[in-house]
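Student:
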Amino acid sequence: MGDQNPMVQEPVAKFYVVEDPEEDEIKTQKAIPDTNEIGAYLKYLILNHRMGLQNMYGKIEAELNKSLAVAIKRGEIMARRLILEMGCGYEVAKELTVLTLYDMAILIDDSDSMIYEEEGKRKECLIQYIDHITDIYKLANESGILAMRFMNGHKGKKNWTGESKEYLDQHKYGGPTRIGTELKQKILDLFVTGNEKQVRPLLVLIVTDGVVEGERRGRLKKVIQDSVNERQEAGKGFDAISFQFSCIGNDPFARQLLIELDQDRELGGYIDVFPVECEFKRQLEEDKWFVVSYDLLFSGLNE
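Taken in order, the sequence shown gives residues 68 to 370; the numbers are from this note's numbering.
Dropping the structure here:
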């Protein structure tokens, strides 16, 4: 597909070197991707991999230069902070700048099992996981996560940038896991299919710990398929929406359901699955940037 867009080739890394301000005795030289490299990378993704995004960002160099100006500037700041303040490697930091192209919404499973199973470790893991996602995404978008909603609770948050412990501790948990029904009503109807003026693609994170309950078999698959098709028919493109399912806990049936969705021949290109261990803090400590890249980048955004 890349041969159809000769004006943008896969970017060659260009480095400039800065001193790490956190090192007092030994100045560590670290390379930071500049705006030229960030711009080349984002354009390359749109023109060669996530081609559905051309419906929103443009198909030629002039259109992309105009539509990506803010994202490129934000991406350079994001990469700088990831490398200097958070210890991220050069390539992962550059790849994470793809998040500047997307809005993000999170749907949280707040069923009973989230607080009662595995001696309460699932909720603790949920808090750590939401904070982890928030810390990374707010570098890409200073307004934060567009919307955070619950499957059963009626309240939620918008433009979320804070720490989630107090908020999620005080939330009342209970009810079924109707992923398809609540995904449609609380996320897609509001921000996707019901949003005629959608100008940025939406990455939807669904965080669950159990099997689907309280809705027809196949409901979730139909909801996802219908939303993808509707965005294409509306002229927004198939890539106007992507889904990342994160499975918390050790329920084998929950994981199997999500694996089947991920491997579905019709939907697999819009869905990815990330298993979250209940010892998520340890998971991050062992290899934080592998977890980050797997979780946020392997959702198909950089493929």
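Cβ coordinates follow ideal geometry from the N, Cα and C atoms, glycine included.
(1) Provide the residue span of the alpha helix (DSSP H) that contains Cys-192, from first to last.
(2) Out of Leu-168, Gly-211, Ala-214, His-238, which has the shortest C-alpha to C-alpha gap to Glu-194?
(3) By the three-class DSSP mapping on this structure, what secondary structure does Pro-243 have?
(4) Determine contact between the segment 110–120 and the segment 298–310, defined as no fewer than three beta-carbon pairs at a distance below 8 Å.
(5) Considering only C-alpha positions, which residue in the set Ile-182, Met-171, Val-290, Ile-139 is nearest to Ser-210?
(6) Can you grab the Cα-Cα spacing for the pair Leu-257 / Ser-294, in whole Å?
(7) Taking the DSSP output, what are the residues bridged to Gly-223?
(8) Applying the criterion that 16 or more other CB atoms from any shown protein chain within 10 Å of the CB defines a buried residue, is Val-137 buried or exposed?
(9) Rounded C-beta distance between Glu-143 and Asp-176? I'm assuming under 8 Å.
(10) If you follow the beta strand (DSSP E) that Val-340 is part of, which residue opens it and which one closes it?
(11) Just the C-alpha distance for Glu-77 and Ile-254, rounded to the nearest angstrom, thanks.
(12) Would you check if there are 3 or more beta carbon pairs closer than 8 Å linking the segment 231–245 to the segment 179–195?
(13) At 4 residues or longer, and completely inside the segment 130–154: list those alpha helix (DSSP H) runs for me, N to C.
(14) Please classify Thr-228: does DSSP put it in a helix, a strand, or coil?
(15) On a Cα-Cα basis, can you pick out the residue from Gln-311, Gln-252, Thr-248, Tyr-234 that is closest to Gly-281?
Tutor: Quick look at the numbers:
(1) By one-based count along the sequence shown, residue 192 stands at place 125. Start and end: 188–207.
(2) Taking the sequence shown and counting its residues from 1, the one referred to as residue 194 is at position 127. Reading the sequence as shown, one finds Ile at residue 194 and not Glu. When each option's Cα is compared against that of Ile-194, the closest is His-238.
(3) One-based indexing of the sequence shown puts residue 243 at position 176. Looking at Pro-243 - three-state DSSP - the assignment turns out to be coil, as it is neither helix nor strand.
(4) Yes: at least three Cβ pairs fall under 8 Å.
(5) Locating residue 210 in the sequence shown gives position 143, where the first residue counts as 1. Of the candidates Ile-182, Met-171, Val-290, Ile-139, the one whose C-alpha sits nearest the C-alpha of Ser-210 is Met-171.
(6) As a first step, residue 257 must be located in the sequence shown, where it is residue number 190. As a first step, residue 294 must be located in the sequence shown, where it is residue number 227. About 12 Å.
(7) Looking up residue 223 in the sequence shown gives position 156. Arg-216, per the DSSP bridge assignment.
(8) Numbered from its first residue, the sequence shown carries residue 137 at position 70. Burial call: exposed.
(9) What you label residue 143 is simply residue 76 of the sequence shown in a count that begins at 1. What you label residue 176 is simply residue 109 of the sequence shown in a count that begins at 1. Distance from Glu-143 to Asp-176 at the Cβ level is roughly 36 Å; contact not present, criterion being Cβ atoms closer than 8 Å.
(10) Your numbering for residue 340 matches position 273 in the sequence shown. In the DSSP assignment, Val-340 falls within the unbroken beta strand (DSSP E) covering 338–343.
(11) Position 10 of the sequence shown, counted from the first residue, corresponds to residue 77. Position 187 of the sequence shown, counted from the first residue, corresponds to residue 254. Caution is warranted here: a pLDDT of 47 is assigned to Glu-77, below 50, making its placement in the model unreliable, and the coordinate value is therefore given only provisionally. Each residue's Cα considered, the two are about 34 Å apart.
(12) Yes, the segment 231–245 is in contact with the segment 179–195.
(13) Segments of the alpha helix (DSSP H) lying fully in the segment 130–154: 136–153.
(14) Here residue 228 corresponds to residue number 161 of the sequence shown, with the count starting at 1. Here Thr-228 sits in coil by DSSP.
(15) Within the sequence shown, numbered from 1, the residue matching residue 281 stands at position 214. Selected option, being the one with the closest Cα: Thr-248.
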